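Accompanying notes for the structure given below.
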Amino acid sequence: MSYKTLYRTYRPQTFSEVVGQRHITQTLQNALKRNKISHAYLFTGPRGTGKTTVAKIVAKAVNCANAPTSEPCNQCPSCLSINQGFDNDVFEIDAASNNGVDEIRELREKIKFAPTTGRYKVYIIDEVHMLSTGAFNALLKTLEEPPQHALFILATTEPHKIPATIISRCQRFDFRSISIEDTLKRLKQVVQAEGIDIEDQALMAIAQSARGGMRDALSLLDQVISYSDDETRITENDVHEVAGTVSENELRQIVSDLVDGQPHFAIERLNKLVSRGKEPLRIIEYLIYYCRDLFLIQKLPTLDEELVTHHSEETVALAGRLHESLLYDIISKLNDIQYEMRKTNTPRVFLELAVFEIDGILNEAIDGKKATTRAPGVNDQSRERDDHLSNDKASHPDETLETLPLEFEEDPVEDGNDAPYAKQADQKQDDGAKPLEEGLLSINTENFEERYIDIKEIEYILNNGNKEKRERLQQAWPTIFGTDLDYMAIEQLLLEGNLEAVSVDNQLLLSYEQDEMCARFYEKDVYEKAVDILRKAFGETFSIVVIPKRHWQRKLKEFMAQFRKGIKEPKLTPIEEPIIVRRVRSNFEHEPKMVQEIVNIFGEDIIEIKE
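Numbering (numbering that gives the first Met the number 0), first residue to last: 0 to 610.
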């Protein structure tokens with residue numbers, strides 16, 4: 000083959016040319032200069048970060064005519080033969096295909112003989128984690144006490160698979176992912192040397208796509224050069240087409256459509272991306288990273304362009320339109336759907352579902368209701384969304400978190416605009432999801448009753464919260480599982496709740512996404528058993544107050560709004576929407592106690608009593 004790929008052409012030949020691994024090259028140079036060479040090295044790190052390259056440079060340096068030296072000359076016979084790949088004293092072994100005991104025994108026999116021309120016999124074993132257990136054992140003694148003329152360099156991307164007995168006999172060097180800045184600098188050197196006309200944005204896209212691997216970056220650059228015409232300049236779009244990635248502008252447009260309440264436009268953009276060959280799994284991965292960058296733009300005091308890869312003026316402006324708690328919910332939802340996409344043969348369906356899930360999250364943030372259908376092209380809620388979704392820090396310029404009560408460190412819902420929420424709190428059936436009875440059309444409603452949340456209990460817990468106790472319980476909360484094996488269903492009920500607050504006198508406030516979960520605590524036997532489980536788990540007696548998640552978010556916002564105004568003991572408006580509670584526990588309540596305990600453990604849906 001006449002053509003030599005860029006990553007081979009521009010492989011570093013000296014330590015000074017190695018990019019992004021200064022902590023390793025400086026250590027090795029000092030050891031070489033002082034003639035303090037170890038008999039075995041272990042190079043670990045991600046692919047394409049320079050492990051094999053540095054190993055070859057070490058091999059040249061120890062056998063260079065100028066040794067001991069901190070840099071190989073690349074002109075003596077030894078250096079030239081290693082560069083050309085046929086030196087008799089340097090052996091590159093692929094452990095993936097030479098992983099048996101017989102190969103290691105052969106190595107042990109040959110290592111006894113002195114080097115042909117150089118000072119050292121150098122054995123570079125790549126992907127050493129692929130060696131079998133027997134091969135590692137056979138190598139162990141030789142690695143510990145090799146001949147004076149032998150030098151081992153082991154390279155791997157998975158050091159956790161190497162026995163500790165091997166690692167302890169080596170000097171270990173961990174190669175780092177190469178930063179975008181260093182990758183970009185190296186790419187500019189290559190395109191300048193090759194005389195390639197390419198946009199700076201295209202080089203940035205290559206550096207970002209490489210994700211810390213210099214070999215990946217140069218390979219992608221090679222592909223992009225082949226894809227583009229010789230007469231035209233290489234653009235950022237060329238890179239995205241070749242790499243299958245999605246540009247920042249396309250990601251911003253999709254998220255902007257959702258923020259503007261136009262999910263149909265977002266679906267159209269996704270359809271165009273898929274029709275151009277973009278994989279749905281990669282699209283949702285890039286959406287997650289883009290929303291992550293929006294989140295970091297809000298949270299970081301200064302913009303770190305190395306950390307935040309998407310940081311255009313338009314993206315920064317879009318970040319100002321979304322509250323950080325909403326971004327957290329959106330990222331969590333995208334992550335959940337990405338997990339589902341990996342298990343299905345129709346990932347595109349889940350990608351489209353993600354659009355409407357996010358639209359629903361944004362709608363709930365505005366008015367507490369589920370997402371509503373809009374006519375195509377209508378954008379009347381765009382300005383209203385900005386008012387409700389933006390992180391309005393300017394409205395409280397002098398406010399600090401030190402003024403908040405001990406129980407809460409930050410306000411999880413947006414500042415300002417209290418009126419719409421206060422109004423909704425007074426409107427029955429207007430606080431979010433449909434009430435439970437709407438889903439019980441075929442059930443006799445005489446078996447159910449309405450229970451209203453005691454707002455005074457919520458007020459008391461908020462005004463008497465204990466932050467330290469809440470944090471301690473949150474950390475220990477998973478230990479509830481297994482406390483009482485006879486009541487695993489109630490343990491699971493507790494574990495599914497979010498521990499929002501704890502009062503000084505041990506009143507717990509739990510929130511649940513579904514009303515049905517809250518309703519179970521109004522059943523006496525469930526409540527008493529839950530209290531007993533908490534007593535066994537934590538050694539203290541707690542009382543439990545439950546509230547649907549949507550009500551909790553609004554009541555906490557209402558509480559914080561009053562607290563910021565200097566009200567010492569804020570008062571909350573009542574929650575008019577009832578929780579529907581089953582009067583009769585189950586069809587098994589008249590069965591013997593042993594049967595009822597079995598139902599509590601396994602659930603009544605799978606229990607059948609035969610005569």
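Here a beta-carbon is modelled for each residue, glycine too, at the ideal position from N, C-alpha and C.
Quick caveat: nothing in here was measured; it's all calculated off a predicted structure.
Legend entry - Cut-off 7 Å between Cβ atoms - residues of its own chain near residue 502, not counting five sequence neighbours on either side: 459, 460, 463, 464 and 465
Inset, instruction - Just tell me which of 164, 115 and 149 has its CA closest to the CA of residue 132. - result: 164
Inset, instruction - Using only alpha-carbon positions, find the residue among 111, 153 and 152 that is nearest to residue 146. - result: 111
Inset, instruction - Work out the CA separation of residue 309 and residue 245 for me, nearest whole Å. - result: 12 Å
Legend entry - Inter-residue CB distance, residue 154 and residue 50 (contact presumed, cutoff 8 Å): 4 Å
Inset, instruction - Out of 237, 283 and 135, point me to the one whose CA is closest to residue 221's CA. - result: 237
Inset, instruction - Decide if residue 120 is buried, meaning its Cβ has at least 16 other Cβ atoms within 10 Å, or exposed. - result: buried
Legend entry - When 264, 468 and 324 are compared against residue 361, the one with the closest alpha-carbon: 324
Inset, instruction - In the DSSP assignment, find the unbroken beta strand (DSSP E) run with residue 151 in it and report its ends. - result: 149-155
Inset, instruction - Only counting runs of 3 or more residues, tell me where the beta strand (DSSP E) segments fall wholly within the region 98-138, in order along the chain. - result: 120-125
Legend entry - Own chain, CB closer than 6 Å to residue 10, minus 5 neighbours either side, in chain order: 52
Inset, instruction - Could you say which of 318, 289 and 302 lies nearest to residue 333 if we only look at CA atoms? - result: 289
Legend entry - 8 Å contact criterion, which residue 174 and residue 122 should meet: CB distance rounded: Between residue 122 and residue 174 the Cβ distance is about 19 Å, and since that is not below 8 Å, they are no contact.
Inset, instruction - Examine the ligand GTP and report whether any of its heavy atoms sits within less than 7 Å of the Cβ of residue 470. - result: Questions concerning the ligand GTP fall outside what the structure shown contains, since it holds no ligand whatsoever.
Inset, instruction - Starting from residue 199, follow the alpha helix (DSSP H) in both directions and report where the run begins and ends. - result: 199-209
Legend entry - Own chain partners of residue 287 with C-beta closer than 8 Å, once the 5 adjacent residues on each side are dropped: 330, 333, 334 and 337
Legend entry - Proximity of residue 125 and residue 19 at Cβ, strictly below 8 Å: no
Inset, instruction - Consult DSSP for residue 9 and reduce its assignment to one of helix, strand or coil. - result: coil
Inset, instruction - Just the C-alpha distance for residue 47 and residue 328, rounded to the nearest angstrom, thanks. - result: 35 Å
Inset, instruction - Enumerate, from N- to C-terminal direction, the unbroken alpha helix (DSSP H) stretches of 4 or more residues contained entirely within the region 225-286. - result: 235-242, 247-258 and 262-274
Inset, instruction - Compute the beta-carbon to beta-carbon distance between residue 321 and residue 293, rounded to the nearest angstrom, for a pair I have assumed lies under 8 Å. - result: 6 Å
Legend entry - Integer Cβ distance of residue 574 from residue 489, believed to fall under 8 Å: With 8 Å as the limit, residue 574 and residue 489 do not qualify as a contact, their Cβ atoms being about 25 Å apart.
Inset, instruction - Within the same chain, show all residues whose beta-carbon is closer than 7 Å to that of residue 357, passing over the 5 residues directly before and after it, in chain order. - result: 257, 329 and 332
Legend entry - Rounded straight-line distance, which links the Cα of residue 316 to that of residue 276: 30 Å
Legend entry - Rounded Cβ spacing between residue 282 and residue 272 (contact assumed at less than 8 Å): 6 Å
Legend entry - Pairwise C-alpha distance: residue 206 and residue 148: 41 Å
Legend entry - Identity of the residues DSSP links to residue 40 by a beta bridge: 152 and 170
Legend entry - residue 29 classed as buried or exposed, judged by whether at least 16 other C-beta atoms fall within 10 angstroms: exposed
Legend entry - Which of helix, strand or coil DSSP assigns to residue 464: strand
Legend entry - Per-residue DSSP class, three states only, for residue 16: helix
Inset, instruction - Out of 161, 186 and 216, point me to the one whose CA is closest to residue 241's CA. - result: 216
Legend entry - Nearest candidate by alpha-carbon position, reference residue 265, set 345, 353 and 342: 353
Inset, instruction - Look up residue 296 in the DSSP assignment and say whether it is helix, strand or coil. - result: helix
Legend entry - Beta-carbon proximity of residue 60 to residue 31, cut-off 8 Å: yes
Legend entry - Paired residues, beta bridge with residue 23 - DSSP: Answer is none; residue 23 lacks a bridge partner.
Inset, instruction - Please list, in chain order, all residues of the same chain as residue 226 whose beta carbon is under 8 Å from its beta carbon, the five residues on each side excluded. - result: 237, 240 and 241
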